[in-house]
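*Asks:* Before anything else, here's the structure in question.
There are 2 protein chains.
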Amino acid sequence: MRELDLVRRIREHAAAAYRNRSVVKGIGDDCAIVRPAQENDLVFTTDFVLEGRHFSLATHSAQEVGYKALARSLSDLAAMGSKPVFCLVSLAVPERLGSRWIDGFYKGLLSLGTRYKITVAGGDLSSFGSVVVDVMCCGQVQRNKAILRSGAKPGDFVYVTGKLGGAAHSKWTTRVEPRIDEGIRLSRHVSAGIDISDGLSIDLHRLCLESGVAAELDSALIPVASGATLDEALHGGEDYELLVTARPNARVPKALVTRIGTIKRGKPGAVTMDGRALPAGGYDHFARVRRVRI
Amino acid sequence: MRELDLVRRIREHAAAAYRNRSVVKGIGDDCAIVRPAQENDLVFTTDFVLEGRHFSLATHSAQEVGYKALARSLSDLAAMGSKPVFCLVSLAVPERLGSRWIDGFYKGLLSLGTRYKITVAGGDLSSFGSVVVDVMCCGQVQRNKAILRSGAKPGDFVYVTGKLGGAAHSKWTTRVEPRIDEGIRLSRHVSAGIDISDGLSIDLHRLCLESGVAAELDSALIPVASGATLDEALHGGEDYELLVTARPNARVPKALVTRIGTIKRGKPGAVTMDGRALPAGGYDHFARVRRVRI
Chain V
5 MRELDLVRRI REHAAAAYRN RSVVKGIGDD CAIVRPAQEN DLVFTTDFVL
55 EGRHFSLATH SAQEVGYKAL ARSLSDLAAM GSKPVFCLVS LAVPERLGSR
105 WIDGFYKGLL SLGTRYKITV AGGDLSSFGS VVVDVMCCGQ VQRNKAILRS
155 GAKPGDFVYV TGKLGGAAHS KWTTRVEPRI DEGIRLSRHV SAGIDISDGL
205 SIDLHRLCLE SGVAAELDSA LIPVASGATL DEALHGGEDY ELLVTARPNA
255 RVPKALVTRI GTIKRGKPGA VTMDGRALPA GGYDHFARVR RVRI
Chain G
5 MRELDLVRRI REHAAAAYRN RSVVKGIGDD CAIVRPAQEN DLVFTTDFVL
55 EGRHFSLATH SAQEVGYKAL ARSLSDLAAM GSKPVFCLVS LAVPERLGSR
105 WIDGFYKGLL SLGTRYKITV AGGDLSSFGS VVVDVMCCGQ VQRNKAILRS
155 GAKPGDFVYV TGKLGGAAHS KWTTRVEPRI DEGIRLSRHV SAGIDISDGL
205 SIDLHRLCLE SGVAAELDSA LIPVASGATL DEALHGGEDY ELLVTARPNA
255 RVPKALVTRI GTIKRGKPGA VTMDGRALPA GGYDHFARVR RVRI
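So the protein lines, in turn, are chains V and G.
Once you know that position 244 of the first sequence is 248 in our numbering, the rest is easy, because the numbers rise by one and skip nothing.
Once you know that position 13 of the second sequence is 17 in our numbering, the rest is easy, because the numbers rise by one and skip nothing.
Quick look at the structure:
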């Protein structure tokens with residue numbers, strides 16, 4: 005396939021999806037041009053989805069890879085309580101997969117992108133030995149209103165959206181739903197938040213570390229997905245639910261969350277469950293860590 | 005190396021570099037937070053640097069890879085006439101390379117970043133079978149003043165900064181300098197622009213395609229780098245000079261550029277040299293195209 009055709013197809017895909025009016029110029033120049041709405045902060049995140057690490061071509065279709073790549077980054081926007089604006093999509097694929105795979109990838113990505121009103125404003129396309137995806141997402145949030153990891157205080161309650169362990173139980177084959185709407189609704193009430201991408205145990209550890217606090221969980225309160233084990237709910241990862249903290253008197257919408265524990269004074273990052281230390285799943289060595297968000 | 009240590013080291017690296025005041029919150033949360041200056045447009049670009057494709061571990065040090073990864077994206081900011089603001093760095097590395105390689109990578113990247121006052125505001129770090137880098141850069145430009153590919157008109161003169169073919173002649177081992185300052189100075193005078201990342205022939209073709217025009221080059225005017233051939237100057241790629249067009253009466257700073265040709269009416273994207281068609285180097289098939297900017 006010729007470059008011109010490839011770019012035209014990707015443009016057509018992107019044009020058929022949502023166009024955010026902040027995006028002045030999308031695909032087709034050296035850079036995308038964005039004119040942010042005033043009185044807003046912008047938030048930015050980027051996430052790899054790597055063949056053999058986050059998916060396998062044997063078990064995931066092109067559409068599923070595209071969906072997953074955007075879902076991961078959208079989940080970070082959700083964790084900040086932000087509204088999606090635009091994304092840049094970097095895609096490297098082996099030549100043998102060809103334009104049909106690329107079409108499927110964009111179809112999956114844009115099915116999710118259209119639902120959450122995010123514009124594909126540009127990116128990079130390269131041939132490479134294995135499939136590598138890196139999706140950068142930008143969201144907007146009212147000035148100074150982004151949910152941070154660092155706002156949790158001793159005495160705060162710990163909450164989680166949805167149920168946990170379902171992704172691990174299904175061997176990470178289900179389509180997750182980024183909690184964009186929930187993040188926006190929760191943002192007015194919470195003191196801190198993070199999305200559960202690598203597992204409740206490690207992501208709560210990360211939140212506590214940034215807040216300089218410890219946390220105690222009650223195992224009986226953890227909402228375990230149907231069929232999953234408590235272990236999968238604690239350490240499984242890729243559920244992409246939101247983990248938030250809020251002052252005890254905050255009017256957190258109860259329909260959105262389950263209370264699972266309490267923030268305490270203690271060694272920053274220390275997490276206990278039923279009074280015993282809860283090791284952060286996979287947290288030991290770089291080789292065993294799925295991903296480091298810097 | 006433990007995740008905590010890795011993140012701490014990357015934070016330390018980044019903190020020692022330039023901190024743009026638009027970056028409200030950098031490394032350490034789900035997203036970076038940016039508060040853009042009013043009356044500006046923001047421009048965004050992302051570029052892969054892939055092992056075995058853009059560099060080899062046998063011939064490029066970690067510092068050179070880090071430098072190159074940022075230089076490629078900065079060159080896109082230069083092509084828009086924009087001033088660097090912040091970047092997100094996605095890095096995947098084989099475990100065997102370890103923290104020393106990662107340190108070297110950041111050292112190289114930040115040596116360039118500090119010079120051009122760009123803040124590392126976040127990113128992603130993952131272990132993977134080969135080295136994959138994707139650097140997203142954001143720049144700012146006065147509202148409606150970004151240099152576009154699409155502004156060239158018949159009769160405009162075609163200019164290029166610096167000399168061409170040097171990168172290809174050195175087998176892409178030299179450190180290129182992104183033309184940030186030149187882009188900003190040229191932006192008031194030019195009608196269109198692009199950076200020469202893949203070669204003069206293909207990048208002029210791309211500019212003409214977006215502008216709906218053709219171009220004629222004069223081979224005697226092409227500024228060929230010392231030791232390089234005309235062929236390397238035309239098709240070599242990775243020189244990262246700027247290719248711009250301007251009205252004949254524009255006061256383009258002559259010290260910055262060399263005039264090499266003229267924009268004409270004709271088939272959009274058609275480029276001729278000395279009256280004969282100039283095929284865009286490597287432009288034929290996706291497999292032969294180094295990169296597609298979407």
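Even glycine gets a Cβ: it sits at the ideal position worked out from N, Cα and C.
Should Val132 of chain V be flagged as near chain G, meaning a C-beta pair shorter than 9 Å?
*Replies:* The sequence as given places Phe at residue 132 of chain V; Val does not occur at that position. Answer yes: the Cβ-Cβ gap between Phe132 of chain V and chain G drops below 9 Å somewhere.
*Asks:* Contact check, Ala219 of chain G vs Lys258 of chain G under 8 Å by CB: the rounded distance?
*Replies:* Wrong, their Cβ atoms sit about 20 Å apart, outside the cutoff.
*Asks:* Considering only DSSP beta bridges, list what Glu220 of chain V is partnered with.
*Replies:* DSSP, once it has assigned bridges, lists V:Thr266 and V:Thr276 as partnering Glu220 of chain V.
*Asks:* Between the segment 148 to 165 of chain V and chain G, which residues of the former have a C-beta closer than 9 Å to a C-beta of the latter?
*Replies:* Within the segment 148 to 165 of chain V, the qualifying residues are Asn148, Ala150, Ile151, Leu152, Arg153 and Ser154.
*Asks:* Using a Cβ-Cβ cut-off of less than 7 Å, give me the residues of the segment 192 to 214 of chain V that come near chain G, in sequence order.
*Replies:* For the segment 192 to 214 of chain V, which is checked against every Cβ of chain G, the residues closer than 7 Å are Ile198, Asp199 and Glu214.
*Asks:* Counting only Cβ-Cβ distances shorter than 8 Å, please list the residues of the segment 23 to 34 of chain V near chain A, keeping chain order.
*Replies:* No chain A appears in the structure shown, which is made up of the protein chains V and G.
*Asks:* If we count the other Cβ atoms within 10 Å of its Cβ and call it buried at 16 or more, is Thr123 of chain V buried or exposed?
*Replies:* Result: buried.
*Asks:* Determine, using beta carbons only, whether Asp138 of chain V and Phe52 of chain G come nearer to each other than 9 Å.
*Replies:* Their beta carbons are under 9 Å apart, which means Asp138 of chain V touches Phe52 of chain G by this criterion.
*Asks:* Return the Cβ separation of Ser86 of chain V and Gln144 of chain V in integer angstroms, given the expectation that the two are a contact with Cβ distance under 8 Å.
*Replies:* Indeed, because the Cβ distance is near 6 Å, the residues count as touching under 8 Å.
*Asks:* Got a sec: is the Cβ-Cβ distance from Ala125 of chain G to anything in chain V below 9 Å?
*Replies:* So, interface residue.
*Asks:* I want to verify the contact list: residues of chain V whose CB lies under 7 Å from the CB of Pro40 of chain G, in sequence order.
*Replies:* Near Pro40 of chain G (Cβ distances below 7 Å), the residues of chain V are Pro40 and Leu46.
*Asks:* Our contact map puts Glu55 of chain V next to Val180 of chain V with C-beta atoms below 8 Å; I'd like the distance itself, whole angstroms only.
*Replies:* Actually they do not touch by this definition, with Cβ atoms about 19 Å apart.
*Asks:* Quick check: does the Cβ of Ile31 of chain V come within less than 8 Å of any heavy atom belonging to the ligand ADP?
*Replies:* With respect to small molecules bound, the structure shown includes none, and the ligand ADP cannot be examined in it.
*Asks:* Taking a cut of 8 Å between CB atoms, which residues from the segment 47 to 78 of chain V lie near chain G?
*Replies:* Within the segment 47 to 78 of chain V, the qualifying residues are Val47, Phe48, Thr49, Thr50, Asp51, Phe52, Leu54, Gly56 and Arg57.
*Asks:* Residue ranges of each alpha helix (DSSP H) run of no fewer than 4 residues wholly in the segment 150 to 212 of chain V, ordered along the chain?
*Replies:* Those alpha helix (DSSP H) runs which fall completely within the segment 150 to 212 of chain V and span 4+ residues are 170 to 173 and 184 to 190.
*Asks:* Can you give me, in chain order, the residues of the segment 165 to 194 of chain G that have a beta carbon less than 7 Å from any beta carbon in chain V?
*Replies:* Flagged: no residues at all.
*Asks:* Does Val217 of chain G get closer than 9 Å to chain V when you measure Cβ to Cβ?
*Replies:* Taking Cβ atoms only, chain V never reaches closer than 9 Å to Val217 of chain G, which makes this a no.
*Asks:* Quick check: the Cα distance between Asp9 of chain G and Gly127 of chain G, rounded to an integer number of angstroms?
*Replies:* Whole-angstrom Cα-Cα distance: 16 Å.
*Asks:* Can you find a C-beta in chain G that's less than 9 Å from the C-beta of Ser86 of chain V?
*Replies:* Cβ-Cβ to chain G under 9 Å: yes for Ser86 of chain V.
*Asks:* Using a Cβ-Cβ cutoff of 7 Å, what residues of the segment 96 to 115 of chain V are near chain G? List them in chain order.
*Replies:* Answer set for the segment 96 to 115 of chain V: Ala96 and Glu99.
*Asks:* My output table needs one value for Glu55 of chain V: the three-state DSSP class, helix, strand or coil.
*Replies:* Note: Glu55 of chain V maps to strand in three-state DSSP.
*Asks:* Pick from G:Leu211, G:Asn24, G:Thr233 and G:Gly241: whose alpha carbon is nearest that of Gly273 of chain G?
*Replies:* It is G:Leu211 whose Cα lies nearest to the Cα of Gly273 of chain G.
*Asks:* May I ask which residues mark the beginning and end of the alpha helix (DSSP H) holding Gln67 of chain V?
*Replies:* Segment Ala66 to Ala83, the alpha helix (DSSP H) holding Gln67 of chain V.
*Asks:* Tell me the residue span of the beta strand (DSSP E) that contains Leu247 of chain V.
*Replies:* Looking at the DSSP string, the run of the beta strand (DSSP E) that includes Leu247 of chain V is Leu246 to Ala250.
*Asks:* Is Asp138 of chain G helix, strand or coil when you go by DSSP?
*Replies:* Three-state DSSP puts Asp138 of chain G in a strand.
*Asks:* Can you name, in chain order, every residue of its own chain whose Cβ lies under 7 Å from the Cβ of Ala250 of chain G, other than the five neighbours on each side?
*Replies:* Cβ neighbours of Ala250 of chain G beyond the five flanking positions: Asp160, Phe161, Tyr163, His193, Val194, Ser195 and Val256.
*Asks:* If you count every other CB in all the chains shown that lies within 10 Å of the CB of His17 of chain V, and 16 or more means buried, which is it?
*Replies:* Counting Cβ neighbours within 10 Å, His17 of chain V comes out buried, since at least 16 surround it.
*Asks:* Give me whichever residues DSSP pairs with Ile37 of chain V in a beta bridge.
*Replies:* The partner list for Ile37 of chain V (beta bridge, DSSP) reads V:Lys29 and G:Val47.
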